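Novice: First the structure, which I've put down as structure tokens, then a few questions once you've had a look.
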Amino acid sequence: MPKQNNRKNEHVSLSEKFYDHGQSSFDDVRFVHHSFPQMDVKDVDMSVQLDGLTFHVPFFINAMSGGSRWTGKVNEKLATIARETGLAIATGSVSAALKDPEQEGTFKIVRETNPNGLVFANLGAGHGLENAKRVVDLLQADAMQIHINAPQEIVMPEGDREFSGWIENIQEIVQGLGVPVIAKEVGFGMSRETVQLLESVGVQMIDISGRGGTNFAQIENYRRPEQKLDDLESWGQTTVESLLEAHEVVQSARIIASGGIRRPMEMVKALSMGASLTGLSSQFMHMALEDVDQTIETVHAWKAEIASIMTLLGTKNIADLNKTDLILSGQAADWCAARNISIQKYASRG
Ligand code: FNR
202 MPKQNNRKNE HVSLSEKFYD HGQSSFDDVR FVHHSFPQMD VKDVDMSVQL
252 DGLTFHVPFF INAMSGGSRW TGKVNEKLAT IARETGLAIA TGSVSAALKD
302 PEQEGTFKIV RETNPNGLVF ANLGAGHGLE NAKRVVDLLQ ADAMQIHINA
352 PQEIVMPEGD REFSGWIENI QEIVQGLGVP VIAKEVGFGM SRETVQLLES
402 VGVQMIDISG RGGTNFAQIE NYRRPEQKLD DLESWGQTTV ESLLEAHEVV
452 QSARIIASGG IRRPMEMVKA LSMGASLTGL SSQFMHMALE DVDQTIETVH
502 AWKAEIASIM TLLGTKNIAD LNKTDLILSG QAADWCAARN ISIQKYASRG
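Quick look at the structure:
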């Protein structure tokens, strides 16, 4: 089996091996409870418009799978969940199919299974406009995710070592592609400086994908036979820290939150911290590998749970969540102090 196929299989199996639903950076974020919601559950509208795309609910299945026979089957399961629940879905990096056309079917299965839903293609920032066009055509994708994953590449012995052209590649893709572009991290988070740089080259959707869930330094170290880079396993900003950073500087771009988001309360907290949409990867992988039908039921239950939480907060739509009062403590508060972000501002927004 070629190395690339092994890698995709190992990423999926190791993400499952390290799957952990314990601590979350969102534990440092609490809502102030006000006793009168002044609305009814039926008043909630949780749909989101982003760069011309309509999302019926504020969460989606983020990039993971494809590139080997097994991960193609996993993509079919994930796409079935997307179709039955109306969720958008991203494939994993389609670069495997550019290198080996035999793998195309392991990505196309997402569009074939889910012909009418929102499907995002995915490539790394080392790719230029021509490859981006090829993968959008292959999947008839509604949007293109470009992943930015320097720490992962560094920990991979076979990883990329040339990052100097990445931002120009992203600019070229944004200007020439013709479908919306999402620039995304892969679990190391973003700084305000990164968000500003992405906005300056025209990116309109930024997934800050922070630390707290899947840890690619841990996964790649596990795959490395020797000279492991253990210290990089704590590299990067948590999802909460990344949202705090982004919120300080973002202008017209829309923020997507991912990284360790596993349940409705974490989604609603992320949406209250300036995100317009939330992406879940390892949580969906974990559920899809266990039972697709059960996952579909869980997604329906999550929609109802989000509506319940939004009602308690007195918020009729996703934008209203930015008026909720949030108490930041622990590491989140330390981060704010160090980076000169006002926690008082978050506590009294209503
Ligand atoms: C990923 N992720 C990912 N991201 C990306 O942009 N392209 C990719 O090919 C992959 N591949 C991939 C495989 C597997 C098995 C996992 C679990 C994840 C990263 C993913 O989209 C997300 O940014 C991080 O995983 C953080 O989210 P979670 O997993 O903590 O919800």
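Take the sequence shown: its position 130, counted from the start at 1, is 331 in the numbering used here, and no numbers get skipped.
Heads up, the beta-carbon is just placed ideally off N, CA and C, and yes, glycines get one too.
The model shown is predicted, which means the values in this text are computed figures rather than measured ones.
What number of angstroms, rounded off, separates the C-alpha of Gly551 from the C-alpha of Asn523?
Specialist: Going by the C-alpha atoms only, they are around 9 Å apart.
Novice: Does the structure place the segment 334-344 close enough to the segment 394-404 that three or more beta carbon pairs sit under 8 Å?
Specialist: Verdict: no, contact absent.
Novice: Give me the Cβ distance between Leu445 and Glu217, rounded to the nearest whole Å; I'm assuming they're in contact under 8 Å.
Specialist: In fact, because the Cβ distance is near 30 Å, the residues do not count as touching under 8 Å.
Novice: Count the other CB atoms, across all protein chains shown, that sit within 10 Å of the CB of Met202; report buried if there are 16 or more and exposed otherwise.
Specialist: For Met202, the predicted structure reports a pLDDT of 44, less than 50, and the residue's modelled location is therefore unreliable. The matter cannot be settled from this model.
Novice: Can you tell me whether Met202 is helix, strand or coil according to DSSP?
Specialist: With a pLDDT of 44 at Met202, under the threshold of 50, the modelled position of that residue is not reliable, and the figure given next carries that caveat. Residue state, collapsed to three classes: coil.
Novice: Just to confirm my understanding: we take Ile178, look at its own chain, exclude 5 residues before and 5 after, and list those with CB closer than 8 Å. What are they?
Specialist: A question about residue 178 goes unanswered here, because the residues of the chain that appear run from 202 up to 551.
Novice: Less than 7 Å between C-beta atoms, sequence neighbours within five positions excluded: which residues of the same chain meet that for Ile332?
Specialist: In the sequence on display, residue 332 carries Asn and not Ile. Same-chain partners within the cutoff: Leu299 and Leu324.
Novice: I need the DSSP call for Ala291, collapsed to helix, strand or coil.
Specialist: Reduced to three states, the DSSP call for Ala291 is strand.
Novice: Output the residues surrounding the ligand FNR, defined as those with a CB atom closer than 6 Å to any ligand heavy atom, in chain order.
Specialist: Any residue whose Cβ sits closer than 6 Å to a heavy atom of the ligand FNR makes the list: His212, Val213, Ser216, Asn263, Ala264, Met265, Gly293, Ser294, Asn323, Gln346, His348, Lys385, Val387, Gly388, Ser410, Gly414, Thr415, Ser459, Gly460, Gly461, Ile462, Leu481, Ser482, Ser483, Gln484 and Met486.
Novice: Spell out a yes or no on whether the segment 291-298 and the segment 355-362 are touching, meaning 3 or more CB-CB pairs, one atom from each, closer than 8 Å.
Specialist: Contact fails: fewer than three Cβ-Cβ distances are below 8 Å.
Novice: For Ser266, which residues in the same chain have their Cβ closer than 6 Å to its Cβ, ignoring the five residues on either side in sequence?
Specialist: Within the same chain, Ser266 has close Cβ partners Thr272, Val275, Asn276 and Gly293.
Novice: Helix, strand or coil for Phe256? Go by DSSP, reduced to three states.
Specialist: In the structure shown, Phe256 sits in a strand (DSSP, three-state: E or B).
Novice: Please classify Lys243 as buried or exposed, where buried requires at least 16 other C-beta atoms within 10 Å of its C-beta.
Specialist: When all chains shown are included, Lys243 counts as exposed.
Novice: Start and end of the alpha helix (DSSP H) containing Trp306?
Specialist: Looking at the sequence shown, residue 306 is not Trp but Gly. Note, Gly306: alpha helix (DSSP H), Glu305 to Thr314.
Novice: Are the C-beta of Asp361 and some C-beta of chain C separated by less than 8 Å?
Specialist: The structure shown contains no chain C; it is built from a single protein chain.
Novice: Keeping to the same chain, check which residues put their C-beta closer than 6 Å to that of Glu285; ignore five residues upstream and five downstream.
Specialist: Excluding positions up to five away in sequence, the list reads Ile497.
Novice: Please classify Phe364: does DSSP put it in a helix, a strand, or coil?
Specialist: Coil, per DSSP.
Novice: Which of helix, strand or coil does DSSP assign to Phe553?
Specialist: Only positions 202 to 551 of the chain appear in the structure, and residue 553 is not among them; the question remains open.
Novice: Report the rounded CA-to-CA distance for Ala327 versus Lys385, giving the unit in angstroms.
Specialist: Here the sequence assigns Gly to residue 327, which means Ala is not the residue at that position. Each residue's Cα considered, the two are about 13 Å apart.
Novice: How would you label Ala283, buried or exposed, when you count the other beta carbons within 10 angstroms and need 16 or more for buried?
Specialist: Counting Cβ neighbours within 10 Å, Ala283 comes out buried, since at least 16 surround it.
Novice: Would you kindly work out how many angstroms separate the C-alpha atoms of His257 and Gln428, rounded to a whole number?
Specialist: Each residue's Cα considered, the two are about 46 Å apart.
Novice: Are the CB atoms of Thr525 and Leu513 nearer to each other than 8 Å?
Specialist: No.
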